[in-house]
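*Asks:* Protein chains in written order, with numbering that gives the first Met the number 0: chain A, 0 to 111; chain B, 0 to 111.
2 protein chains.
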Amino acid sequence: MSVSLPARTPEKTLERSADLARLSRVFHALSDETRLQIVGKLLTGEKCVCELTEALDATQSRLSFHLKSLKDAGLVTDRRAGRWVHYALRPDTLSEITRFVGSVREGAARCC
Amino acid sequence: MSVSLPARTPEKTLERSADLARLSRVFHALSDETRLQIVGKLLTGEKCVCELTEALDATQSRLSFHLKSLKDAGLVTDRRAGRWVHYALRPDTLSEITRFVGSVREGAARCC
DNA sequence: TCGATACATCAATGTTTGTTGATTTATAAG
DNA sequence: CTTATAAATCAACAAACATTGATGTATCGA
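Structure (structure tokens):
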């Protein structure tokens, strides 16, 4: 599901349909408070769904829904261990997004 | 409408309701392909709505709607000049987001 | 002051998203 | 083999969002 963003000027990236789709999916994944809270919890290491359920006081199916969104966007990975599925952040995707927003910022600083 | 994100660890940021609301609004603004295209066009400098309308082949009211979303999120500013309203990127907000995603990435790299 | 232009806002509508509770699948333990 | 636990998926629903076309507002030039 996840496609990497090739290094390209942000102007070009924002002209390509596939890149637009990919970017909007990642930002959409980050656009929900519950999902941002999940990201916050994963900052101290991988967690299984049950730990997140308890930490965020959310129902299991609700978390499953949000974790799928984060996973489809390439922001987290899942790893099954017995009965548990552990979710963890993907630093590579976070780097990609940091670079992208950073280069948009640079472009903006140059022109504005 | 726009509130700045104080420098704070991402863990703490992602625990505060006001910061969550602010972040989710910014990411939501970036989660739509039309709005990303607008950002792309603004990378070469400020543009009036009519220029964006032409460049993106979109109706005026549609662009107005999306520009409002970007403005409410603090990603763009508007400046009236006679009959025209010019929109431009806000590098400060883009820096903020870069710093935030970057620090999440650092946390992820440390733990994953 | 009249008409034209640029833009914002509104009402109506269809689509997408998030939530809930129930069901299903997978694994493990007794 | 049966039962319990962890998690994914599904159906139903409500809320939020995006689009369109129409109307309103501000500014400018004639």
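Every residue gets a Cβ at the ideal spot worked out from N, C-alpha and C, and that includes glycine.
Helix, strand or coil, according to DSSP, for Arg78 of chain A in the structure here?
*Replies:* The residue given as residue 78 of chain A occupies position 79 in the first sequence. It is a strand residue.
*Asks:* Quick check on the DSSP output: the beta strand (DSSP E) that includes Leu88 of chain B runs from which residue to which?
*Replies:* Your numbering for residue 88 of chain B matches position 89 in the second sequence. Segment Trp83 to Leu88, the beta strand (DSSP E) holding Leu88 of chain B.
*Asks:* In the DSSP assignment, find the alpha helix (DSSP H) that holds Arg12 of chain B and state where it starts and stops.
*Replies:* Mapped onto the second sequence, residue 12 of chain B falls at position 13. According to the sequence provided, residue 12 of chain B is Thr. The question's Arg does not apply to it. Where Thr12 of chain B is concerned, the enclosing alpha helix (DSSP H) stretches over Pro9 to Thr12.
*Asks:* What ranges does the beta strand (DSSP E) occupy inside the region 41-68 of chain B, keeping only unbroken runs of at least 3 residues that lie completely in it?
*Replies:* As far as the region 41-68 of chain B is concerned, it has no whole beta strand (DSSP E) run of at least 3 residues.
*Asks:* Starting from Arg15 of chain A and walking both ways along the alpha helix (DSSP H), at which residues does that stretch end?
*Replies:* For this step, residue 15 of chain A is matched to residue 16 along the first sequence. Arg15 of chain A -> no alpha helix (DSSP H), and no H or E assigned at all.
*Asks:* How big is the Cα-Cα spacing for Pro9 of chain A and Asp56 of chain B?
*Replies:* Here residue 9 of chain A corresponds to residue number 10 of the first sequence, with the count starting at 1. Here residue 56 of chain B corresponds to residue number 57 of the second sequence, with the count starting at 1. If I take the Cα positions, the gap works out to 20 Å.
*Asks:* Quick check on Phe26 of chain A - is its C-beta less than 8 Å from some C-beta in chain B?
*Replies:* Numbered from its first residue, the first sequence carries residue 26 of chain A at position 27. It does; some Cβ of chain B falls within 8 Å.
*Asks:* Comparing alpha-carbon positions, which option in A:Ala80, A:Val38 and A:Arg78 lies nearest His65 of chain A?
*Replies:* Here the question's residue 65 of chain A lines up with position 66 in the first sequence. Taking only the C-alpha atoms, the option nearest His65 of chain A is A:Val38.
*Asks:* In its own chain, which residues sit with a C-beta less than 6 Å from the C-beta of Arg78 of chain A, not counting the 5 before and 5 after it?
*Replies:* As a first step, residue 78 of chain A must be located in the first sequence, where it is residue number 79. Only His85 meet the Cβ criterion.
*Asks:* Under 8 Å between C-beta atoms, does Ser68 of chain B make it to chain A?
*Replies:* For the purposes of this step, residue 68 of chain B is identified with residue 69 of the second sequence, where counting begins at 1. No, because no Cβ of chain A sits closer than 8 Å to the Cβ of Ser68 of chain B.
*Asks:* Could you name the residues of chain A that Cys110 of chain B contacts, counting a contact when the two beta carbons are closer than 7 Å?
*Replies:* Here residue 110 of chain B refers to the residue found at position 111 when the second sequence is read from its first residue. Going along chain A in sequence order, the residues near Cys110 of chain B (Cβ under 7 Å) are Leu42, Thr43 and Gly44.
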